[in-house]
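Chains as they are written, first to last, in the working numbering: chain A, 1184 to 1570; chain B, 5 to 301.
The beta-carbon is built from N, C-alpha and C at its ideal position, and this holds for glycine as well.
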């Protein structure tokens, strides 16, 4: 176990090395590009015994790891913004084919270079698990957990974890690096299932088609697998905690100073870090507002929000994303989750940090204030507030 | 270069799925049957959307239409990573997925010289979706998106010269083949199996449904393609060394090939002359290349 002050992209590359990834592929795109450089260095120096495939575009980078995963290699792909959008097409197939590819999305919003969550969030229809990360340590840890979750036989789905460009990718933070032996002990090697090697393939899989059920059944089955992945995510988070001494709430959400809170605000990614300071100030000022960091966006932790909803009068969601014409994605999910509660809390929508717009402690303080007001008085406007 | 074989040396084992999903008289199904006889069972066949759907009983990997080159790369690198480089990585793709939508990823895989086989069955259009034109469709051909109307009659552009484009990539082995010359086709697969790196075999696969001729005449049609010089048989090694495999003393006139296909029924005498001139010109260049032993691009 060692310790280094490193930027987010290096933390991710370090995790890829620790996970003993066998095939990685990526195409340069800001702010992910340096991951490709770290990995290239590691392979060129013999530090990482992997095939790093330089390709001509992100769509190809995705298909390279898709195919490598299918044949039995542990894989990694990373991208940002427009690169994410470019690989949208094969993403559907990777999850439909139940291939446990792990992707790092270094957030870059769809309208510019700076971070917001629209790049990964807009992929929510592709059937992938999505985790959002607050700081560089969590990036490294989540990358390791990603393999254990994705490759679990109850899951066998691809997983993407996102962290904010510039704020994390190019900002140095202290990171504890687990020892290789400990990771080897915790994360077993990957084996493809089903196998497509000619001497291992099952007779019924020859020729390429195997029965995945009727046209609607396939969707239903995929949906069920993703929803049930929550249990595995929770398990893996706990197991990681036991092995490495760090865990992140229950793996789906992380609560901060929610005991006795009358209202809570919810944030994702690096904004959760800023929010912690805002919560401290709010509580110092006698305002009982707590924070829930939403780590697992997909599958959405409905049950966790239902439990929280029973205890507070209002939930204020800070979405660093927007589905244009609809609204923030997590807000919609929370509102849906608590709708059937007997005494349901108000749910407020705050859109913040879009296009990398600076979100200050004071901005989040005000979000907390407003949410608390809604908790006490009820009857608050449901229109989104742009912070 | 490939070494000539005789008919008795063609492997007996059938690896095709029967019944498959091909139309009767499908040139592509025949191309698959022949090519995979030589490839053998120790291969993973790669598929992108294309007809015919089911060809051989190998384990199969599939991906999106534009990704043939990337998919083959991923399998090869994966096999390297898991220590199974004995398994052949073979793509059996159509012209649509290679000349057009898949060109980018294929070109990149060639530039990286991945150790893969790209076997293209060229039926000269996007046949799987109902005969829409591709970059491989010959000039003046009728397709559903280059119809014969009162103003515009068929495709107005020439066929993309894929062999020379990939020769310019300097790939270790490139060859053209025909279902009417099975010994030549198989000899080329046999040779390719000894080559490490990017290998491409382009097999003309006449399509009775799209080209509109009697399905019983597929092999005859393919033979005429070669005998008229429209589908020359050659090999290029390392993008340089060239050999013309079939050199008749005289080429048959192109009309013998064009007339039986209703996709060319509307051709004027001028159209046919143009095709004849193009063919003759290209043939001259191929003969010169053969003499030099070096491809003239």
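Inset, instruction - Compute the Euclidean distance between the alpha carbons of residue 1410(A) and residue 81(B), then round it to the nearest angstrom. - result: 32 Å
Inset, instruction - Say whether chain B places a C-beta atom closer than 9 Å to the C-beta of residue 1454(A). - result: no
Inset, instruction - With 9 Å as the threshold, decide whether the Cβ of residue 169(B) is near any Cβ in chain A. - result: no
Inset, instruction - Using a Cβ cut-off of 7 Å, pull out every chain B residue sitting near residue 1273(A), in sequence order please. - result: 67, 68 and 71
Legend entry - Cross-strand partners of residue 188(B) (DSSP beta bridge): In the DSSP output, where bridge partners are listed per residue, residue 188(B) has none listed.
Inset, instruction - Apply the 10 Å Cβ neighbour rule to residue 1431(A) and answer buried if 16 or more other Cβ atoms are within range, or exposed otherwise. - result: buried
Inset, instruction - Verify the CB distance criterion: does residue 1401(A) have a CB-CB separation below 9 Å to chain B? - result: no
Legend entry - residue 1184(A), DSSP secondary structure in three states: coil
Inset, instruction - Keeping to the same chain, check which residues put their C-beta closer than 6 Å to that of residue 106(B); ignore five residues upstream and five downstream. - result: 70 and 72
Inset, instruction - With DSSP collapsed to three states, give me the class of residue 58(B). - result: coil
Legend entry - Residue nearest to residue 83(B) in terms of C-alpha spacing, selected from 1257(A), 1265(A) and 1299(A): 1257(A)
Inset, instruction - Could you name the residues of chain A that residue 21(B) contacts, counting a contact when the two beta carbons are closer than 7 Å? - result: 1390
Legend entry - Under 8 Å (Cβ pairs) to chain A, residues found in the region 79-98 of chain B: 79, 81, 82, 83, 84, 85, 86, 88 and 91
Inset, instruction - Identify the continuous alpha helix (DSSP H) that holds residue 182(B) and give its terminal residues. - result: Not the alpha helix (DSSP H): residue 182(B) falls in the beta strand (DSSP E), residues 177-182.
Legend entry - Collapsed DSSP secondary structure at residue 1572(A) in the structure displayed: Outside the modelled stretch of chain A, which goes from 1184 to 1570, sits residue 1572(A), for which no answer is possible.
Inset, instruction - Give the residues of chain A in contact with residue 77(B), contact being defined as C-beta atoms less than 9 Å apart. - result: 1208, 1236, 1238, 1243, 1246, 1247, 1250 and 1251
Inset, instruction - Compile a chain-ordered list of the residues in the region 1370-1389 of chain A whose CB is closer than 7 Å to at least one CB of chain B. - result: 1379, 1380, 1381, 1384, 1388 and 1389
Inset, instruction - Identify every residue that forms a DSSP beta bridge with residue 1258(A). - result: 1206(A)
Legend entry - Residues that residue 1276(A) contacts on chain B, provided the C-beta gap is smaller than 7 Å: 67 and 68
Inset, instruction - Could you name the residues of the same chain whose beta carbon sits closer than 7 Å to that of residue 292(B), not counting the 5 residues immediately before and after it, in chain order? - result: 300
Inset, instruction - Would you please state the rounded distance, in angstroms, between the beta carbons of residue 1355(A) and residue 1495(A)? I believe it to be under 8 Å. - result: Rounded, the Cβ-Cβ distance is 36 Å, inconsistent with contact.
Inset, instruction - Would you please verify whether the beta carbon of residue 133(B) is less than 9 Å from any beta carbon of chain A? - result: no
Inset, instruction - Would you decide whether residue 239(B) is buried or exposed? Buried here means 16 or more other CB atoms lie within 10 Å of its CB. - result: buried
Inset, instruction - Taking the CB atoms as reference points, tell me whether residue 1272(A) and residue 1303(A) lie closer together than 9 Å. - result: no
Legend entry - Of the listed residues 163(B), 212(B) and 64(B), nearest to residue 1386(A) (C-alpha basis): 64(B)
Legend entry - Other residues of its chain near residue 141(B): CB distance less than 8 Å, five sequence neighbours each side excluded: 128, 129, 147, 150, 159 and 163
Inset, instruction - Return yes when the Cβ of residue 279(B) is within less than 9 Å of the Cβ of residue 234(B), no when it is not. - result: yes
Legend entry - Segment contact flag, the region 1334-1341 of chain A with the region 1302-1316 of chain A, C-beta cutoff 8 Å, min 3 pairs: yes
Inset, instruction - State the Cα-Cα distance for the pair residue 152(B) and residue 1507(A), rounded to the nearest angstrom. - result: 44 Å
Inset, instruction - Would you list the one or two residues that DSSP bridges to residue 136(B)? - result: 130(B)
Inset, instruction - Flag residue 1371(A) as yes when its Cβ comes closer than 8 Å to any non-hydrogen atom of the ligand ZN, and as no otherwise. - result: Inclusion of the ligand ZN in the displayed structure is not the case, the ligand content being empty and no account of it being possible.
Legend entry - Proximal residues of chain A, C-beta to C-beta of residue 173(B) below 7 Å: Per Cβ cutoff of 7 Å: no residues; residue 173(B) is ~13 Å from chain A at best.
Inset, instruction - Give the DSSP bridge partners of residue 264(B), in chain order. - result: Residue 264(B) is not bridged to any residue.
Inset, instruction - Go through its chain and collect everything with a Cβ distance to residue 42(B)'s Cβ below 7 Å, but skip five positions before and after it. - result: 15, 190, 193 and 194
Inset, instruction - List the whole-angstrom C-beta distance separating residue 1452(A) from residue 1346(A), where the pair is believed to meet the contact cut-off of C-beta under 8 Å. - result: 7 Å
Legend entry - Sheet register partners of residue 1473(A) (DSSP bridge): 1447(A)
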